[in-house]
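A.B. asks: First residue of the sequence shown? That's 24 in our numbering, and the numbers climb one at a time after it.
Where is the CB? At the ideal position from N, CA and C, for every residue including glycine.
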Amino acid sequence: MTDISTASTATVVDDGAAARSTDWWRSAVIYQIYPRSFADANGDGIGDLPGVTAKLGELAELGVDAIWLSPFYTSPQNDAGYDVADYVDVDPVFGTLSDFDTLLETAHSFGIRVIVDLVPNHSSSEHDWFRQALLAGPGSDERRRYIFRDGLGEGGDLPPNNWQSCFGGPAWTRTVDADGAPGQWYLHLFDSTQPDFDWNNRWTRDRFVEILRFWLDRGVDGFRVDVAHGLAKADGLPDYEADPDDFFQPTPYWALDAVHEVYREWRGVLEQYGPDRILCAEAWVSPLARLAEWVRPDEMHQAFNFEFLAAGWDATRLRKLIADSIDAFGAVGAPSTWVLSNHDVVRHATRFGYENDAVLVHGIGPKTLDVLDARGGLRRARAATALMLALPGSAYLYQGEELGLPEAIDIPDESRQDPAFARTGGERYGRDGCRVPIPWEASAPAFGFSPTGRSWLPQPSTWASFAWDRQRSDAHSTLTFYREALAARRAHRLGSGEFEWDDRVSGDVLAFVVGDILVVANLGSTPVEIPTGEPVLSSADLEDGRLPGDTTIWLSVGPDALAGGREGR
C-alpha cells in the first residue's frame with residue numbers, strides 16, 4: 024500500500040455547498056478564535072482584532088468555512104471578556120468597531136463566515152445596568168434586571184440559598200447600601216463580578232433582542248451563545264447540593280424548560296435577516312435526547328456535543344455515543360455538532376495522553392499527579408480528529424489544535440489569571456493552560472504572536488517546534504494533516520453524507536461508511552488488517568499494510584467493496 028504520508032490526493036472542490044447554501048452550518052467546519060491569544064498586532068502582548076484580520080489568509084489556506092470569535096466586547100477582563108460591560112462596542116484592548124467591520128469584510132472576502140460570542144446569562148458588575156441597579160435599591164425596576172434577594176438569618180447575614188459558583192465559593196455576594204449598611208445579595212453563578220440577569224424580566228429580553236439586531240445589522244453570520252442552558256432559574260431558588268465534577272447533572276439553574284422561549288424568540292429575529300444566520304448553543308446538557316431540544320426547528324441551529332468531547336478514547340463508549348448522537352439530533356432534523364477542544368477544557372492533544380478516567384475538568388498544572396504520555400496523546404488526538412471530521416454534521420476546531428498544541432502545564436502561579444484559580448486558592452488550576460497565545464513563527468519574538476515578544480500568559484519555551492511556519496511545509500506535520508483532512512472532507516462531502524457502521528474489522532476498532540469513504544479507527548494497541556481501498560487520509564503511517572493502534576484511516580471505496588460489511592445505524 025502507498026505511503027500514507029503522501030497519500031492524501033483529494034482536491035478541494037468548490038461545489039458551493041458549504042460556502043453559499045443557506046444551510047451551510049449543517050456541514051461546516053468552524054474555527055474558534057480566542058482573540059487575546061491568537062495574534063497581537065499592536066505589541067501590547069494581548070491579541071486583537073487587527074491581529075485576527077492579518078491571519079485570515081492562513082485560515083483560508085487551512086480550509087475552514089467560518090470562524091467563531093470569543094468575546095471582544097468592552098469588559099474589565101476579570102474573566103477574559105466573558106464579563107461584558109458593553110455588548111455593542113469593542114474593548115480598546117482588542118481594537119474598535121471599525122476594526123471589527125474590517126475583520127468581517129475581510130473574512131467574507133475569503134468566503135469565511137463570522138460567528139460572534141454572546142453572553143446572556145450574566146453581565147459584568149461594571150455594566151451600567153448593574154451599577155444602576157445598585158444605586159436604585161431594593162424593589163426597583165433596575166434591580167429586577169438581575170437576581171437580588173434578601174439574605175437569610177438574623178439581619179440577612181446568610182446567602183439566600185446554598186448555591187455554589189462554578190468558579191468555587193458561594194454563588195452570592197452581599198451588597199452595601201448607600202449608608203454603608205449591609206444590603207441585599209445578588210446571584211452570580213460564575214465570578215462575583217458576573218451578576219446573573221433575571222430572564223423573567225421582559226426588559227432584559229428586549230435589550231438582548233436589540234443586541235442581536237446591532238450585530239446582525241453589521242453583517243455577522245451568527246452567534247455562539249454562552250451558557251445557553253442557563254438563564255432560567257427554578258421558582259423559589261431552592262437549595263441544591265451540586266457535584267463540582269459533573270457538568271451534566273440536573274440543577275435548579277441549568278437546562279430548565281423556560282430557556283426555550285428565549286431561543287424561539289431569537290430564532291425569529293435571525294430569520295428576519297435571512298435563513299443563513301445561525302445560533303449555536305453552549306449547553307452542557309445530558310442525555311443527548313434532551314440536548315436535542317435546543318436544536319428543534321424553531322430554536323437553535325447547532326448545540327455542541329460535549330458528551331463526545333468528554334468520551335475519552337474508548338471504542339465501545341464512542342460507538343454508542345456516535346449512534347445515539349446521530350439518532351437524537353436526527354430525530355429533530357438537526358445535525359450533530361462535533362467538538363474535541365475549546366477555551367474551557369484541557370487541549371485534546373494532552374487530554375488523550377492521560378488515562379480515560381483521569382479527572383481533568385478543573386485544569387492541570389505542575390502538581391497534577393496523573394502520568395502523562397505526551398507523544399501518545401498527540402497520536403491519539405490526530406486519530407480522534409480524523410474520526411470526528413469524517414462524521415456527518417458540523418465540526419468546531421479550537422485555535423492551535425491544527426498545530427498539535429499541548430496544554431501549557433508549567434505556568435507559574437503568579438502568572439495564572441483564571442478566576443477559578445484565585446477563588447479556590449489554587450486548588451483548581453483553571454483554564455489558562457489551553458489559552459496560552461499560539462505560535463506562528465519559530466524564530467520570532469513570542470513565536471510570532473506579538474512583534475514585541477510580550478505575551479499575556481507565558482508561552483512554553485518548547486513551542487518553536489509547533490509554530491505555523493515550521494509546520495507549513497512539513498509533509499508529516501499536524502498542520503499538514505489538518506489541511507489535508509479538511510480538503511478531503513470537503514471533496515468527499517463527508518459533513519453531509521449518509522452514515523452506516525461497517526463491522527468487517529474486529530478488535531478495539533470503529534469502522535463506518537460516510538458517502539464513498541470507509542473510515543477505520545483503531546483505538547487499541549494491536550495493528551489490524553483493513554479492507555481494500557484507496558487511502559485518502561491517515562493520522563499515521565501503516566505498519567506492513569496494517570492499521571496500527573491509535574490511528575484512523577479514510578479509504579475511498581466503491582459500492583462493491585462495501586457489500587456485506589455494512590450495518591444500519
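Relative to the C-alpha of F489, which candidate in V528, P115, A372, V142 has its C-alpha closest?
C.D. replies: Of the candidates V528, P115, A372, V142, the one whose C-alpha sits nearest the C-alpha of F489 is A372.
A.B. asks: Rounded to the nearest angstrom, what separates D15 and L120 at their Cα positions?
C.D. replies: This structure cannot speak to residue 15, because the chain is shown only from 24 to 592.
A.B. asks: Alpha carbon to alpha carbon, how far is D262 from V232?
C.D. replies: Each residue's alpha carbon lies about 32 angstroms from the other.
A.B. asks: For my contact list, V52 and L332 are in at a C-beta cut-off of 8 angstroms; report their separation, rounded to the angstrom.
C.D. replies: Contact doesn't hold; Cβ gap of about 16 angstroms is too wide.
A.B. asks: Measuring alpha carbon to alpha carbon, tell me which residue in G206, W186, Q155 is nearest E177.
C.D. replies: Answer by Cα proximity: G206.
A.B. asks: Report the rounded CA-to-CA distance for T501 versus A409, giving the unit in angstroms.
C.D. replies: When rounded, the distance between both Cα atoms is 11 angstroms.
A.B. asks: With a cut-off of 8 angstroms, do at least 3 Cβ pairs link the segment 181-195 to the segment 128-143?
C.D. replies: Segments in contact, no.
A.B. asks: Determine, using beta-carbon pairs with one atom in the segment 451-463 and one in the segment 506-521, whether at least three such pairs fall under 8 angstroms.
C.D. replies: No, the segment 451-463 is not in contact with the segment 506-521.
A.B. asks: Please report the Cβ distance between P94 and D140, rounded to the nearest whole angstrom; I am assuming they are in contact, meaning their Cβ atoms lie under 8 angstroms.
C.D. replies: Yes, P94 and D140 are in contact; Cβ-Cβ is about 5 angstroms, under 8 angstroms.
A.B. asks: Skipping 5 residues on each side, what residues in its chain have a beta carbon closer than 6 angstroms to that of D337?
C.D. replies: Excluding residues within five positions, the ones whose Cβ falls inside 6 angstroms are N379.
A.B. asks: Taking Cβ to Cβ, would you say A465 is nearer than 8 angstroms to Q482?
C.D. replies: The answer is no: Cβ separation not under 8 angstroms.
A.B. asks: Taking 8 angstroms as the threshold, find out whether the segment 221-228 comes into contact with the segment 167-175 through three or more Cβ pairs.
C.D. replies: The segment 221-228 is in contact with the segment 167-175.
A.B. asks: Suppose the cutoff is 7 angstroms on Cβ atoms and the five residues either side in sequence are ignored; what does the same chain contact list for T447 look like?
C.D. replies: The answer, listed in chain order, is G191.
A.B. asks: Can you tell me which of the three DSSP states G245 falls into?
C.D. replies: Three-state DSSP puts G245 in a strand.
A.B. asks: Comparing C-alpha positions only, which one of R374, P474, V87 sits nearest to R512?
C.D. replies: Out of R374, P474, V87, V87 has the C-alpha closest to the C-alpha of R512.
A.B. asks: Helix or strand or just coil, what does DSSP make of A586?
C.D. replies: The pLDDT assigned to A586 is 47, lower than 50, so where the model puts this residue is not dependable, and the model offers no usable value.
A.B. asks: Roughly how far, in whole angstroms, is the beta-carbon of P320 from the beta-carbon of S417, given that I think they are within contact range, below 8 angstroms?
C.D. replies: Going by Cβ atoms, the distance from P320 to S417 rounds to 16 angstroms, so no, they are not a contact pair.
A.B. asks: Using C-beta distances below 7 angstroms, list every residue in its chain close to H324, excluding the 5 sequence neighbours before and after it, in chain order.
C.D. replies: So the qualifying residues of the chain are W48, I301, L302, C303, V318.
A.B. asks: Taking C-beta to C-beta, are L363 and M411 nearer than 8 angstroms?
C.D. replies: Cβ atoms of L363 and M411: closer than 8 angstroms.
A.B. asks: Any idea what DSSP makes of F117, helix, strand or coil?
C.D. replies: Three-state DSSP puts F117 in coil, outside helix and strand.
A.B. asks: Evaluate the contact criterion for the segment 144-151 versus the segment 102-119: three or more CB pairs, one atom per stretch, below 8 angstroms.
C.D. replies: The answer is yes - the segment 102-119 touches the segment 144-151, with three or more Cβ pairs under 8 angstroms.
A.B. asks: In terms of DSSP beta bridges, what is F470 paired with?
C.D. replies: Note: F470 sits in no beta bridge, so no partner.
A.B. asks: Got a sec, what are the start and stop residues for the alpha helix (DSSP H) V292 sits in?
C.D. replies: V292 -> alpha helix (DSSP H) spans 282-294.
A.B. asks: What are the boundary residues of the beta strand (DSSP E) that includes I90?
C.D. replies: It spans 89-92 - the beta strand (DSSP E) in which I90 sits, taken as one unbroken run.
A.B. asks: With distances taken Cα to Cα, identify the nearest neighbour of D299 among A89, E523, S496.
C.D. replies: The candidate whose alpha carbon is nearest that of D299 is A89.
A.B. asks: Are the CB atoms of W463 and D492 nearer to each other than 8 angstroms?
C.D. replies: Yes.
A.B. asks: So if DSSP puts P205 in a beta bridge, which residue, or which two residues, is it bridged to?
C.D. replies: Paired residue(s): V199.
A.B. asks: Please return the same chain residues whose Cβ sits closer than 7 angstroms to the Cβ of G118, not counting the five positions on each side in sequence.
C.D. replies: Cβ neighbours of G118 beyond the five flanking positions: D71, L72, P73.
A.B. asks: Taking its Cβ as the centre, do 16 or more other Cβ atoms sit within 10 Å of E557, making it buried, or is it exposed?
C.D. replies: Flag for E557 reads exposed.
A.B. asks: Need the endpoints of the alpha helix (DSSP H) that I170 sits in, please.
C.D. replies: It is not in any alpha helix (DSSP H) - I170 carries neither H nor E in the DSSP assignment.
A.B. asks: Select from D564, Q295, G476 the residue whose C-alpha is nearest the C-alpha of D67.
C.D. replies: Closest by alpha carbon: G476.
A.B. asks: By the DSSP assignment, the alpha helix (DSSP H) with D492 in it spans what residues?
C.D. replies: From DSSP, the alpha helix (DSSP H) with D492 extends over 491-495.
A.B. asks: Return yes when the Cβ of W186 is within less than 8 angstroms of the Cβ of H252, no when it is not.
C.D. replies: The answer is no: Cβ separation not under 8 angstroms.
A.B. asks: Would you mind reading off the limits of the alpha helix (DSSP H) that contains F444?
C.D. replies: 442-446 is the span of the alpha helix (DSSP H), which, as asked, contains F444.
A.B. asks: Looking at the structure shown, is A534 part of a helix, part of a strand, or coil, going by DSSP?
C.D. replies: Of the three classes helix, strand and coil, the one that applies to A534 here is strand, per DSSP.
A.B. asks: Could you tell me the alpha carbon to alpha carbon distance between A62 and P143, rounded to whole angstroms?
C.D. replies: Cα-Cα distance, rounded: 27 angstroms.
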